[in-house]
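Enquirer:
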Amino acid sequence: MLRLCLLAAHALQLAGAALLSPGSCNFEDSACGYEWDYAHLPWALHGEGHYISVDTSYEGEKAVLSSPELYSEEWSCVRLIYQIAMTSEASPDPARLNLYLRQEGESFDRLLWSAKEPSDSWLIASLDLMNSTKKYKIVLEGEMGQDKSASIAVFEIKITPGYCIECDFEENHLCGFVNRWNPNVNWFVGGGNIRNSQSILPKDHTLNSELGHYMYVDSVYVKHFQEVAQLISPKTMAPMSGCLSFYYQLKQESSIVFTVYLRDTAGFYEEIWKTDSALSADWALAEVDFNAPYPMELIFEVAFNSAKGGYVALDDISFSPVYCSNQTGTPFNPAAASCDFEEGLCNFYQDHKDGPGWSRVKVKRNVYRAGDHTTGFGYYLLANTKFTSQPGYIGRLYGPILPGNLQFCLRFYYALYGFFKMSGTLAVYIFEENHVVQEKIWSVLDSPKGVWTQAEISFKKPMPCKVVFVSWCKSFWDCGLVALDDVSLSLGSCQAADLLLPNPGECNFEKDECVFTQKKRGRGSWHRRRGPTPTSYTGPRGDHTTGVEQDFSNNSTYFSIMDPTALRLVNFKCLHKFKKALGAFGFALFHSGFPDTLDHQIDCLGTIFFLSPSSPVGFMKSCVLPLQIIFEAIRGVSLRSDTAIDDILFQAGPCLEVEEIQFSSGYPDSLNEIEY
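Numbering (mature numbering (1 follows the signal peptide of the UniProt record, and there is no 0)), first residue to last: -17 to -1, 1 to 659.
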């Protein structure tokens, strides 16, 4: 009878393999509708090993594999089993496997995941796809790098309904859950007629059978006090909130501590559940409200005090977007505490008792003073506290109330004018409990005068609080102006936010060159720089993004080109960029395929746009072909002919109308013209 059951279970597994869900493939005898791009390296299907691969036996930079067209209105989980092999682990340009989401009607493929770590065994990646009404494709891209013997292989792609943190542990990939190895205590797979522990292990919960599977940890090999075993979930890849539930069984002879934590990308732990019973003779259901607004891992941790502690078994982890406690209301949206001040103060305000310390202004741009940080010709806030009604020359700007017990990253841009000493002239406070509790979390130490500079602060408070910007003058005679713009709040620490994958169609050159490339480097190359350009009185004093970091500059006789090859314009699109040039500068649209000269212009592609110096620009074009954007800089007659570019951004829809910018001569009568 047992043999018949085993055969029946095996037949069910084979039937499940035959009925692969759309977009799934095990590459046993076909590519399941996946197609490779013949303009790049070919993928090879290995029928005997049941995988697909690409290597450096052919000349080329990358291979592209795209799925059939898919559609799902519910959340889905993509699991990818892959391997990257290289001869040198220290290569400056290693092989890399990328996974993109190509949605219907979108211009850019969105990068969901990327890996470059070589391995001698198969690895698993789990990625959440949020619900959407748009059709989509999964696109795999293998970049071969500079290793001469690199190879990339994909064993299986599996797309299933639900969330990646859900698991019944019936499949051998364990849904991407991993055990953090400990010399003495570890999580193991139980069930399946396995009898390898001194504990009396239960049947599984899913099938209520000895043949079903679950995870368990046993104390039999414990050697030290508080030995800990951790089972770690795949990282959440999209904001999630709702009810986390799981079944567990616990047998305890001495103290066992069974805890569930959330861990963010910065390594901070938050306890969300702990067992309150010493014994559960049968499978017990645990439910806990779960909130992961930024990437997090679930950690199931068991701590033993002795080798006779007992065991813990775990099964059927599931998630629902409805809170266990039937909470109502929507999760906090950090956009409510962000503002670029183009349409007003958003949710920021001033206390009338303080007087009008902060004013919303627009500056007439000239060669001595830039405009606002957002566009160069819009609004920002300016604090002039010399004439405030309160003593101490203080101006306060209050933000909206933020919920407690959440990690936040606050970013903003500021510029200082007219102070003899910069230190302390702008500070950020956290106010709690009706302003009774105040804590300074940041203050300016030093800053270049008149340059937009970025600041970022990570904070987390147990109680509701608000952010307050404070401008302060030391005396009437040392009191200048403080400018503030583009305040943004995001969930998670700033360090964790920096680890997030970039938005498609956006590049600020802070980390690298994004998807931009140069055909050749040398005297005529673009260079990623920080601070001013080498030639005095040319180029910007700092980058546009932060004021002190990276941009791209060119001061050569020759022109260079950079092209994002992943760009696919559909309908109207808007390109914004910030640049500063003393020579000629322009950009052109080209059909996909790298042109050798600027003569390959066709239809709506290929028009060259020359731009005025020191201005942000908006460009709009409607094309449906795959194309490339090429930026060209041509040196002027002077040695001081640098060109710099920063903060490239593509947006859907037509560009907003850009008002005519009047460039003044820079004489004193126009230097400080401010429109309130």
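All C-beta atoms, glycine included, are put in the ideal place defined by N, C-alpha and C.
Model, not experiment: these values are computed from the prediction.
Less than 6 Å between C-beta atoms, sequence neighbours within five positions excluded: which residues of the same chain meet that for Ile282?
Expert: Gln213, Ile215, Tyr244, Arg246
Enquirer: Report the rounded CA-to-CA distance for Tyr199 versus Thr116, giving the unit in angstroms.
Expert: When only Cα atoms are considered, Tyr199 and Thr116 end up about 39 Å apart.
Enquirer: If you run the structure through DSSP and keep just helix, strand and coil, what is Leu3?
Expert: coil
Enquirer: If you draw a straight line from the C-alpha of Phe466 to the C-alpha of Val450, how long is it?
Expert: The sequence shown places Ala at residue 466, rather than the Phe named in the question. Spanning the two alpha carbons is a distance of roughly 17 Å.
Enquirer: Starting from Met198, trace the beta strand (DSSP E) in both directions and tell me its first and last residue.
Expert: For Met198, the enclosing beta strand (DSSP E) starts and ends at 196 to 201.
Enquirer: Which whole-angstrom value describes the C-beta separation of Gly382 and Ala320, a residue pair presumed to lie in contact below a C-beta threshold of 8 Å?
Expert: 5 Å
Enquirer: Taking the alpha-carbon of Gly433 as reference, which of Phe402, Val453, Cys448 has the nearest alpha-carbon?
Expert: Phe402
Enquirer: What does Leu80 pair with, by DSSP beta-bridge criteria?
Expert: Ala98, Gly125
Enquirer: Where do the ends of the beta strand (DSSP E) carrying Gly225 lie?
Expert: Start and end: 223 to 235.
Enquirer: To the nearest angstrom, report how far apart Leu365 and Trp435 are at their CA atoms.
Expert: When rounded, the distance between both Cα atoms is 13 Å.
Enquirer: For the ligand ADP, I want to know if Gly463 counts as a neighbour, meaning its beta carbon is within less than 7 Å of at least one of the ligand's heavy atoms.
Expert: In the structure on display, the ligand ADP does not appear, and there are no ligands present to speak of.
Enquirer: Pick helix, strand or coil for Leu184, following the three-state DSSP scheme.
Expert: DSSP, reduced to helix, strand and coil, places Leu184 outside both helices and strands of the structure shown, so it counts as coil.
Enquirer: Do Leu110 and Leu82 have their beta-carbon atoms positioned less than 8 Å apart in this structure?
Expert: yes
Enquirer: Roughly how many angstroms lie between the CA atoms of Ser539 and Thr626, to the nearest whole one?
Expert: Unreliable positioning characterises Ser539 in this predicted model, as indicated by a pLDDT of 40, which lies under 50. A coordinate reading is not provided.
Enquirer: Please report the distance separating the alpha-carbon of Arg93 from that of Met220.
Expert: 13 Å
Enquirer: In whole angstroms, give me the CA-to-CA distance for Ile440 and Cys392.
Expert: 6 Å
Enquirer: Could you give the residue range of the beta strand (DSSP E) that holds Phe10?
Expert: DSSP places Phe10 outside any beta strand (DSSP E), giving it a letter other than H or E.
Enquirer: Is it right to say Gln209 is buried, meaning 16 or more other beta carbons lie within 10 angstroms of its own, or is it exposed?
Expert: By the 16-neighbour rule on beta-carbons within 10 angstroms, Gln209 is exposed.
Enquirer: Could you give the DSSP three-state label for Pro383: helix, strand or coil?
Expert: strand
Enquirer: Across the stretch 28 to 40 and the stretch 2 to 14, are there enough close Cβ pairs to call them in contact, namely three or more that are closer than 8 Å?
Expert: By the C-beta criterion, the stretch 28 to 40 is judged to be in contact with the stretch 2 to 14, since at least 3 inter-stretch pairs fall below 8 Å.
Enquirer: Suppose contacts are defined by Cβ-Cβ distances below 8 Å. Is Ile135 in contact with Val37 by that definition?
Expert: yes
Enquirer: Over the uninterrupted beta strand (DSSP E) stretch that includes Leu110, give me the two end residues.
Expert: Note, Leu110: beta strand (DSSP E), 106 to 112.
Enquirer: Buried or exposed: where does Asn491 fall if 16 or more other Cβ atoms within 10 Å of its Cβ makes it buried?
Expert: buried
Enquirer: Find out if the Cβ-Cβ distance for the pair Gly340, Val346 is shorter than 8 Å.
Expert: no
Enquirer: Counting along the chain, where does the beta strand (DSSP E) carrying Trp256 start and finish?
Expert: 252 to 257
Enquirer: Asp265 to Val240, Cα distance in whole Å?
Expert: 18 Å
Enquirer: What is the residue span of the beta strand (DSSP E) that Pro144 lies within?
Expert: Counting along the chain, the beta strand (DSSP E) containing Pro144 begins and ends at 134 to 144.
Enquirer: Please classify Gln390: is it buried, with 16 or more other beta-carbons within 10 angstroms of its beta-carbon, or exposed?
Expert: buried
Enquirer: Tell me, which residues are paired with Trp425 by DSSP?
Expert: Val411
Enquirer: If you run the structure through DSSP and keep just helix, strand and coil, what is Gln478?
Expert: helix
Enquirer: Am I right that Arg379 and Ser471 are in contact with their C-beta atoms under 8 Å? What's the rounded C-beta distance?
Expert: Between Ser471 and Arg379 the Cβ distance is about 20 Å, and since that is not below 8 Å, they are no contact.
Enquirer: Would you identify the three-state DSSP class for Cys60, choosing helix, strand or coil?
Expert: strand
Enquirer: Flag this pair as yes or no: are the beta carbons of Ala296 and Tyr204 separated by less than 8 Å?
Expert: no
Enquirer: Using only alpha-carbon positions, find the residue among Pro217, Leu184, Gly16, Gly125 that is nearest to Glu149.
Expert: Pro217
Enquirer: Quick one: using the 10 Å Cβ neighbour count with 16 as the cut-off for buried, is Ala275 buried or exposed?
Expert: buried
Enquirer: Just verifying my parser: in three-state terms, what is the DSSP assignment at Phe283?
Expert: strand
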